[in-house]
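Since the structure comes first, as structure tokens, the remarks are kept for the end.
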Amino acid sequence: MKEEIMQKQWEEAVQQACARIAPVWPLDSFVAVNPYWGFVEQDFAETAVYLNRLSGEKLFLDRSWFRQQWEAGKMRIEDVQAAAADFAQTLSSSEVHRYLRREETPPTQPLALLSNVLHRPDAPALEDFLLDQIGQFLAAYYDRGQAAWTRPGAADEQGLFDAWRQYALRNRSASVIGIGDIRRILLQVPREAAAARQWALEILQIPDGLLSDYLLALLKSIGGWASWCRYQVWQAELQGKSRSDLPELLSIRLVWEAMLHAFASPEKRKQWRNGLRRWQHGEVQPLQREMELREACLRALEKNFRQGIARQFHRRREDSPVASATRPRLQAAFCIDVRSEVFRRHLESVMEDAQTIGFAGFFGVPLQYQRAGECHARGHLPVLLPAKMTAQESLPGNLQEKRLGRLRRRAEWKQFKTAAASCFSFVESSGVAYGFRMLSESLGWQQPSQAPDQAGLSADEMRQVHPVLADAAFTGNAEAKAEAKTELAEEILRGLGLTQSFAELVLLFGHGSTTTNNAHRAGLDCGACAGQTGEVSARVTVDLLNDAAVRSGLRQRGIAIPSDTVFLAGMHDTTLDQTQLYPSSLAPAPELLQEVREALQRAGDLTRLERITKLVPGVSDSQQAERLLTWRGKDWSQVRPEWALAGNAAFIAAPRWRTAGANLAGRAFLHDYDAKKDADFAVLTLIMTAPLVVASWINLQYYGSTVDNLRQGSGNKVLHNVVGGLVGVLEGNGGDLRVGLAVQSLLDGYELRHEPLRLSVFIEAPQAAMDQIIAAHAVLTNLVDKRWIILFQINEDGTLHERLPGGGWQTRAM
């Protein structure tokens, strides 16, 4: 009975440790992830203390960075004092000055793993060996077609742990670092992962109260691969299934620790156990005080940023340059992505009777997209949500057969080039033929590289591709399907705030990017579309809203779309700031379409001029800016084609007139929302539970990659090597799977281009409604109460009220 209780406690500790790991998505659907997702139920400053003690992980930049911000006038001493008072720390201004000027405190000693204690100066680092040994196996196990030779037993669909055990029994590399014959011990290890964990824990005898921490430290030692295994579990859970990849990875790491224990001397074992006791009972208060002071500095910086934003809010609708109440000629909906803010502002400035709208880039259509020739459909919705319908790629004539034939021949050619029997002779005989291509790529003569999802089709053929909702997307008889389509269309329009005063032309813009030789290409595309471009979502939505039967159903629901209103889908290229419009079943008046195209061109010119200064200072000509950005998009050595979402720090859900004309410098997610049109607050609930959470993921991904790129970023992009096909990247030839953003996405070589601030959220809605939504969703409760985001209500008169941890609102003067 006692043994059963102990085993149950062990498994609970395993689940607790695994729940702390955030997932990482593969390269073809790479999206920003909150790296602290497993800690959101814990206070921000408490998490900083815990992670720093556990593994040396940082949640704040060094004190010297805060000193630089103060010297630059971005942080006021009195604001630091006020924030410190929230932690019951009373500081004089001179004490704050001394704190900022003081030297850094020595780093804390992290929880010592047995592999750390057993390190010998005359041998390769044991931690590096374990990381490479496990990482090489995982790269082979999860390979998606990159490896010319698959691992032995790959076709048997072995579980992760059992496959590793067979691999380790054949692997002789342990002798390189002076470890004895591990095969003798491995043969004693059970083949089932849970039993192997128990076997290892019985040997290690981790002290009570420390087990969950030790297991998490083990996972953190292979943090990138742990995140990949967490992704496997995440995807299964979205589909109502289960997988055990992450617990099985922990079993692998635990068995290694137990094997090291067997080879350790009694002195080393004692040293290790003494270290565990010191960590468990160590003094936490000095580190806690340090983290609280750094958060106080962070809060002061965030207040300074918010003041700059809030000062631009219009107090009254009459003061706003937004289009008049009469029917506009153009309404253009863009993704809430911070890059759209710049383009929207300039479009409104060049076309007075145009309105722009901010909405999540999947336009509320929870779909996945099945491309011809692909085995699995790809999600085109926030990764937090499961897909509920499927769209398919429609190809005219025999284009699908042609494409599949080309893809097959390409795969065969690649296999020939890399096969053991032909690779050397291929280089000898044909290598020089690739010289011209290398030269043209280097000189920028080639077009930007083709996106992976366009493979097998020419540019002209791609223009003939059209996504269509599959017939099975809506269930039931014809009447039920028509009703379901109408209901979806109504949800979309209410989410957009478009239920009346429709323009003659309504554009729905998805967004994508242009880049070459970039493993993280998907990270520049639409996060709300799971790292895909927004083209599919926009075109499917337009087809739905142009459907005559759907419009008829909408009229019965009180939404009358005028007969002369036309919806068109478009694409906003955030690298080039160029736009493209797609054909539809309905066509607008030619003169209006021409006017809109010219306005889009002028808006693009202004946007490029604003953005280029952050990449190439001193450019003042729009044509030169376009040439430079085009070059960057097809330059295969370019590590920074655009700044993407660097600088993001605010989320605003309010009527457009509140921020129209305000220069938010591409730092705010802009979501249109009018509480007066949302009687039951269903739209507000959707905004707070989906786009807001996604924005917080993006913000905290950038935050984590900036403050601790070693653990939460992907290092130097120049050194990236793709592993496992599309699994991820390594930095160099080995080490851990890298997660997060490269330093080139955050740093211009001299200074940070992303200022690590938490997301300041401004929502114009009743406080009671927001409180009710927060209380009903644990994720929001944690994000707000534990200060992972800072929430403000915008009152009708423009005053701001901050949501306090635990509840209640306080007026904030800006």
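The opening position of the sequence shown corresponds to residue 281 in the numbering used here, with each subsequent residue numbered one higher.
Where a beta carbon is used, it is the ideal one built from N, C-alpha and C, also for glycine.
Bear in mind that the values here come from a model prediction, so they are computed numbers and not experimental data.
Minimum C-alpha distance to residue i - residue among the options
| i | options | result |
| --- | --- | --- |
| Y511 | H541, V1007, L679 | V1007 |
| D617 | R523, I839, T854, L466 | T854 |
| R533 | K550, A480, A544 | A480 |
| D857 | H656, A802, F789 | F789 |
| R574 | A362, H399, D633, G1015 | A362 |
| V311 | A634, M355, A802, A590 | A802 |
| L339 | G685, V919, L567 | L567 |
| Q587 | D359, R1083, I1054 | D359 |
| P601 | P487, L990, E621, E632 | E632 |
| P487 | W552, L467, P897 | W552 |
| Y379 | V456, W317, E572, P387 | E572 |
| E537 | Q1052, F643, N584, A392 | A392 |
| V896 | G353, T1091, E922 | E922 |
| L866 | D827, G898, G941 | D827 |
Three-state class that DSSP yields for residue i in the structure shown
| i | result |
| --- | --- |
| R1092 | strand |
| D1028 | coil |
| L872 | helix |
| Q592 | coil |
| Q744 | coil |
| D853 | strand |
| I1074 | strand |
| R1038 | coil |
| V276 | The first residue shown for the chain is 281 and the last is 1094, placing residue 276 beyond what the model contains. |
| G790 | strand |
| H377 | helix |
| E1082 | strand |
| I1033 | It is worth fixing the name first, because residue 1033 is Arg in this sequence and not Ile. Coil at R1033, not helix or strand. |
| T813 | coil |
| F961 | coil |
Proximity of residue i and residue j at Cβ, strictly below 8 Å
| i | j | result |
| --- | --- | --- |
| I978 | G807 | yes |
| S985 | G1020 | yes |
| E570 | L1037 | no |
| L530 | L495 | yes |
| S507 | E407 | no |
| I462 | A443 | no |
| F639 | R624 | no |
| R947 | A929 | yes |
| A883 | L627 | yes |
| C298 | L440 | no |
| E1044 | R877 | no |
| P1046 | A975 | no |
| P747 | Y862 | no |
| L331 | A497 | no |
| A544 | L398 | yes |
| S793 | G641 | no |
| L909 | R888 | yes |
| P666 | L518 | yes |
| F324 | R1067 | yes |
| G1004 | D423 | yes |
Residues of its chain near residue i, where Cβ-Cβ distance is below 8 Å and the 5 sequence neighbours each way are ignored
| i | result |
| --- | --- |
| S994 | H800, S985, H1000, V1009, E1011, R1018, V1019, G1020, L1021, A1022 |
Beta-carbon proximity list for residue i, same chain, < 7 Å, skipping 5 on both sides
| i | result |
| --- | --- |
| E890 | V622 |
| D844 | E784 |
| A580 | M355, R356, D359, V360, A363 |
| L341 | V987, P1036 |
| R471 | D442, R445 |
| G520 | none |
| E771 | G644 |
Chain-order list of residues whose beta-carbon lies under 6 Å from that of residue i (same chain, five-residue window excluded)
| i | result |
| --- | --- |
| N1122 | For residue 1122 there is no data in the structure shown, the boundaries of the chain being 281 and 1094. |
| V786 | Q611, F847 |
| K761 | F754 |
| A473 | F441, E528, S531 |
| A945 | none |
| F1042 | I932, F1072, I1074 |
| C577 | F346, V360 |
Contiguous alpha helix (DSSP H) assignments of at least 4 residues, all confined to the stretch 884-953: For the stretch 884-953, the full-length alpha helix (DSSP H) segments reaching 4 residues or more read 902-914 along the chain.
As an exercise, report each continuous alpha helix (DSSP H) stretch of at least 4 residues that is fully enclosed by the stretch 292-362, in chain order. Counting only runs of 4 or more, we get 324-335, 343-351.
Just list the beta strand (DSSP E) runs in the stretch 639-684, keeping only unbroken ones of 3 residues or longer that don't cross its boundaries, in chain order. Runs of the beta strand (DSSP E) spanning 3 or more residues and lying entirely within the stretch 639-684 occur at 647-650, 669-674, in chain order.
Which whole runs of the alpha helix (DSSP H) in the stretch 563-632 are 4 residues long or more, in chain order? Runs of alpha helix (DSSP H) with 4 or more residues, each lying fully within the stretch 563-632, are found at 565-590, 618-630, listed in chain order.
Give, in chain order, every unbroken run of the alpha helix (DSSP H) that is at least 4 residues long and sits entirely within the stretch 526-553. Within the stretch 526-553, no complete alpha helix (DSSP H) run reaches 4 residues.
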